[in-house]
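Inspection log for the structure reproduced underneath, given as structure tokens.
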Amino acid sequence: MVKYLSLLLLFGVGCSSTKPTPYQKMQKNEGYEEKTLDDLRVVVFKGNAYSKKPQVNLYAEFRAIEVCREAGFKYANIMDFEDKTTSRDVVRTSTNAFGPSYYYGMSPFYSRYSSFGMSMGIGNMQSNSWKETYIYPNLEVIFRCANSVLRTRAIFREVPSEEMKHLVKDLKGGLQIEKFSDGAAEASNLKKGDIILKVGAERVEKIHQFVALFTPEHRTRSVAILREGYKTTVKVTATDVSEEIEKLEAEVVARACAKKEISTRPICKKDKKEKS
Numbered sequence: 014m015v016k017y018l019s020l021l022l023l024f025g026v027g028c029s030s031t032k033p034t035p036y037q038k039m040q041k042n043e044g045y046e047e048k049t050l051d052d053l054r055v056v057v058f059k060g061n062a063y064s065k066k067p068q069v070n071l072y073a074e075f076r077a078i079e080v081c082r083e084a085g086f087k088y089a090n091i092m093d094f095e096d097k098t099t100s101r102d103v104v105r106t107s108t109n110a111f112g113p114s115y116y117y118g119m120s121p122f123y124s125r126y127s128s129f130g131m132s133m134g135i136g137n138m139q140s141n142s143w144k145e146t147y148i149y150p151n152l153e154v155i156f157r158c159a160n161s162v163l164r165t166r167a168i169f170r171e172v173p174s175e176e177m178k179h180l181v182k183d184l185k186g187g188l189q190i191e192k193f194s195d196g197a198a199e200a201s202n203l204k205k206g207d208i209i210l211k212v213g214a215e216r217v218e219k220i221h222q223f224v225a226l227f228t229p230e231h232r233t234r235s236v237a238i239l240r241e242g243y244k245t246t247v248k249v250t251a252t253d254v255s256e257e258i259e260k261l262e263a264e265v266v267a268r269a270c271a272k273k274e275i276s277t278r279p280i281c282k283k284d285k286k287e288k289s
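Quick note: to get the working numbering, add 13 to the position in the sequence shown (first position is 1).
Written out as structure tokens, the structure reads:
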């Protein structure tokens, strides 16, 4: 009986809530928080093992929109996402006497990814063990609050420095254009396959760095590129996509506000009032 009670206590310690992380400020490493990245803003949303990545993504986007609306801006100009999702392996064992037992902690024979600092086993019994992997969604949204949103309509791939050094004598990375939307290639003077090196005098290696350099005051920029092995400079003009962003944000807000835990947020009440 003592062994059985000990097993239940271990199970209670090792397994926290079996519900997905709610929309909340960061508590015990779950929920949302804000930070900065240069002159940009970042929303981080961390979920537990029962949280699905699409919902974590929705909550992170919604929080960015909420932050900007609360600050008096029309839009959250979302420039990039960082997926920092992690996983943890857990070895589970079932016995013919006490049912499943869970091994956590620093034991060298079980999961080295756990931080619970304890382990428990039942000796001299026939058992079966297996490994389960828990996924912990962790998404970061990089954005800037704005009253208008500009885009070049290019889809980029970040080229790491290790790859760049085979293309040009360079110790830094760049951005390669994979494709365009809405026939934007002709309008922007860029071509599929171009590798962007600089915007003006600033070197760009990350997508958010490139997007952030196009503002209402600087809609047209000189962009240094590597095209078919040769360096050249072209003029690139960004397009105002505010109307499209407004529709996309409305969809995000509607989906988020449909959640009971979010429905009472001021942004949801305002949205509901405007629709009525």
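Using N, Cα and C, we set each Cβ at its ideal position, and we do this for glycine too.
Mind checking whether residue i and residue j have CB atoms under 9 Å apart?
{"i": "G187", "j": "I155", "result": "no"}
{"i": "F75", "j": "L152", "result": "no"}
{"i": "P229", "j": "S276", "result": "no"}
{"i": "T146", "j": "T250", "result": "no"}
{"i": "Y63", "j": "E259", "result": "no"}
{"i": "V236", "j": "K248", "result": "yes"}
{"i": "L163", "j": "T246", "result": "no"}
Using 8 Å for Cβ pairs, my map puts residue i next to residue j. What's the rounded Cβ distance?
{"i": "G213", "j": "R232", "result": "The Cβ separation is near 13 Å, so there is no contact."}
{"i": "L53", "j": "H221", "result": "6 Å"}
{"i": "K205", "j": "E218", "result": "The Cβ separation is near 20 Å, so there is no contact."}
{"i": "Y45", "j": "V55", "result": "The Cβ separation is near 11 Å, so there is no contact."}
{"i": "L210", "j": "L239", "result": "6 Å"}
{"i": "T99", "j": "Y149", "result": "5 Å"}
{"i": "S194", "j": "K185", "result": "Their Cβ separation, rounded to whole angstroms, is 27 Å, which puts S194 and K185 out of contact at 8 Å."}
Can you give me the Cβ contacts of residue i inside the same chain, cut-off strictly under 8 Å, excluding the 5 residues immediately before and after it?
{"i": "E215", "result": "Q222, L226"}
{"i": "F86", "result": "C158, A159, N160"}
{"i": "A84", "result": "C158"}
{"i": "E262", "result": "I78, Y88, A89"}
Per DSSP, which one or two residues make a beta bridge with residue i?
{"i": "L50", "result": "L53"}
{"i": "Y45", "result": "K38, F58"}
{"i": "H231", "result": "T228"}
{"i": "L188", "result": "E171, I209"}
Identify, in the order they occur along the chain, each residue of the same chain with its Cβ nearer than 6 Å to the Cβ of residue i, setting aside the five sequence neighbours on each side.
{"i": "K66", "result": "P150"}
{"i": "Q37", "result": "G44"}
{"i": "G134", "result": "In this predicted model, G134 has a pLDDT of only 39, less than 50, meaning its place in the structure is not dependable; the value taken from the coordinates is given anyway. Around G134: no qualifying Cβ."}
{"i": "D183", "result": "M177"}
{"i": "G264", "result": "Per the sequence shown, residue 264 should be read as Glu rather than Gly. Result list for E264: empty, nothing under 6 Å."}
{"i": "C28", "result": "Here C28 scores only 46 on pLDDT, less than 50, and its place in the model is too uncertain to base an answer on."}
Taking the alpha carbon of residue i as the reference point, which residue from the options has its own alpha carbon closest?
{"i": "E171", "options": "I91, V247, V224, G60", "result": "V224"}
{"i": "P9", "options": "E176, T49, L71", "result": "No answer is possible for residue 9: the residues shown for the chain start at 14 and end at 289."}
{"i": "N42", "options": "F58, D51, K32, T31", "result": "F58"}
{"i": "E47", "options": "K32, T31, A73", "result": "A73"}
{"i": "Q189", "options": "E175, S174, F169, V181", "result": "F169"}
{"i": "A269", "options": "S255, V69, D96, V254", "result": "V69"}
So, for residue i: in the same chain, excluding its five sequence neighbours on each side, which residues have a beta-carbon less than 7 Å away from its beta-carbon?
{"i": "I280", "result": "E79, R82, V266"}
{"i": "S142", "result": "V104, R105, T106"}
{"i": "G112", "result": "In this predicted model, G112 has a pLDDT of only 45, less than 50, meaning its place in the structure is not dependable; the value taken from the coordinates is given anyway. Taken in chain order, the list of residues that qualify is empty."}
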